Structures are given as C-alpha cells and as structure tokens.
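S.K.: For the sequence shown, our numbering assigns the number 1043 to the initial residue and increments by one for each residue that follows.
Cβ coordinates follow ideal geometry from the N, Cα and C atoms, glycine included.
Keep in mind the model is a prediction, meaning the values are calculated, not measured.
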Amino acid sequence: MLFLRKVTNEDIDLLFTWTNEASTRLDSFRSDQIDYEEHKEWFEGMINSTEQRQYILMSDSEAVGQVRLSIKDSEAEINYSISEPYRRNGYGKEMIRLIKQKVRDELPYVSKLIAKVKPSNVASVYCFEKNQFEEKFQQYEYAMKNDKQCSEEGHKDEADTAGGGG
1043 MLFLRKVTNE DIDLLFTWTN EASTRLDSFR SDQIDYEEHK EWFEGMINST
1093 EQRQYILMSD SEAVGQVRLS IKDSEAEINY SISEPYRRNG YGKEMIRLIK
1143 QKVRDELPYV SKLIAKVKPS NVASVYCFEK NQFEEKFQQY EYAMKNDKQC
1193 SEEGHKDEAD TAGGGG
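(1) Tell me the rounded alpha-carbon separation between V1109 and E1171.
(2) Pick from F1179, T1050, S1166: whose alpha carbon is nearest that of A1105?
(3) Just reading off the alpha helix (DSSP H) that Q1145 is part of, what are its end residues?
(4) Look up F1175 in the DSSP assignment and say whether it is helix, strand or coil.
(5) Taking buried to mean at least 16 other C-beta atoms within 10 Å of its own C-beta, is A1118 buried or exposed?
(6) Is it true that the segment 1177-1184 meets the segment 1141-1151, where meeting means three or more beta-carbon pairs spaced less than 8 Å apart?
(7) Is it right to say G1132 is buried, meaning 16 or more other beta carbons lie within 10 angstroms of its own, or is it exposed?
(8) Quick check on A1165: does DSSP put it in helix, strand or coil?
(9) To which residues of the same chain is W1060 closer than 8 Å at the C-beta, ignoring the five residues directly before and after it?
(10) Given this structure, state the Cα-to-Cα distance separating V1152 from S1116, to the nearest angstrom.
(11) With distances taken from CA atoms, which of R1047, R1130, E1086 is nearest M1100?
(12) Rounded to whole angstroms, how far is the Cβ of I1120 from the Cβ of L1111, which I believe are closer than 8 Å?
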C-alpha cells in the first residue's frame, strides 16, 4: 500500500542521502553535492516552516521517495524525488497523484500546483503529464561570457546590427 507520511526530525539523514544521490543531483536545477551543514540548516527551516510541507512516500513499511510543497498564497510548487533503487516502478506518478489528493483534503486554499522540471528529466515530465499537469512555457538560458570572449568570437547577425536592417 502506498501512502504519504509527514516528515519528522528523524528523517534528516534519509533526506540528506536521497538529495545527494547522483541521479537526483543530475535531475536537479542545482547539480552540485549538498554538504551536511547546509542540509541541516535547510531541514530545520523547512520542518518549522508554515509555507513548506514535506512527506515521505511509503510503500508499506519502505520509504521510497520524498515530496515537498512550497506554498505561497494559493499556489504550491512541487519538488519530489524517488530513491534510486525504486525508480522506474511507477512510484513518481503515484506520488504526484497522492500529493494532489493531500492538497485537496488538507490545503483547500491552494488552487494551483506548479512543477518545474528540466526537459532532460523525461521521467518527471511523464509523471506530471500522466497526472494532468499542462506544460505552460519553456525557459531558455544563456551563460554570458566576458566581453573579450564575445568580441573574439566575432558573432554577428542581422539582429545585432544597428538599425535592425529592413
């Protein structure tokens, strides 16, 4: 049986292990390893926050993943992960279904759930799509180089010319 249980203080080390799994870091927007002191500080803030709720996905007596809601006004952003040994077994899709139900039951003022997912994270895209989430936009980023590198590259197109052509 699958269910969500609220995170307790005893989960600090479990969440630390999960957050530093290689595949979790790869799929995260912040890909570097998290050190324990930083994790401890974050955990203490999260567990005492009224704007965050975190749960552990349980399969009978086995902890298989985590899901967190960051709530602001009437919106809640979902952040979740499934522990590496349990991936590719449908747990992500079920976790999202369960968190939607928990929000309906316990947070009636939340009217929108949001998930930010890397395009390369096809498993998460699948989980959210199967739970009727709609893609709203894609974000593109460009890492600025210093002026010397830009001028050495010599890139120029019509959009770069003064007056814009035409």
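M.R.: Looking at the atomic coordinates:
(1) Using only the alpha carbons, I get a separation of about 17 Å.
(2) Nearest option by C-alpha distance: T1050.
(3) Here the sequence assigns Val to residue 1145, which means Gln is not the residue at that position. DSSP places V1145 in the uninterrupted alpha helix (DSSP H) bounded by 1133-1148.
(4) Coil, per DSSP.
(5) The residue in question, A1118, is buried, as its Cβ has 16 or more Cβ neighbours within 10 Å.
(6) No contact exists between the segment 1177-1184 and the segment 1141-1151.
(7) Flag for G1132 reads exposed.
(8) For A1165, the three-state secondary structure derived from DSSP is helix.
(9) Hits under 8 Å: T1066, G1107, Q1108, S1123, S1125.
(10) When rounded, the separation of the alpha-carbon atoms in V1152 and S1116 is 4 Å.
(11) Here the closest residue by C-alpha is R1047.
(12) Beta-carbon to beta-carbon, I1120 and L1111 are separated by about 6 Å, close enough to satisfy the 8 Å threshold.
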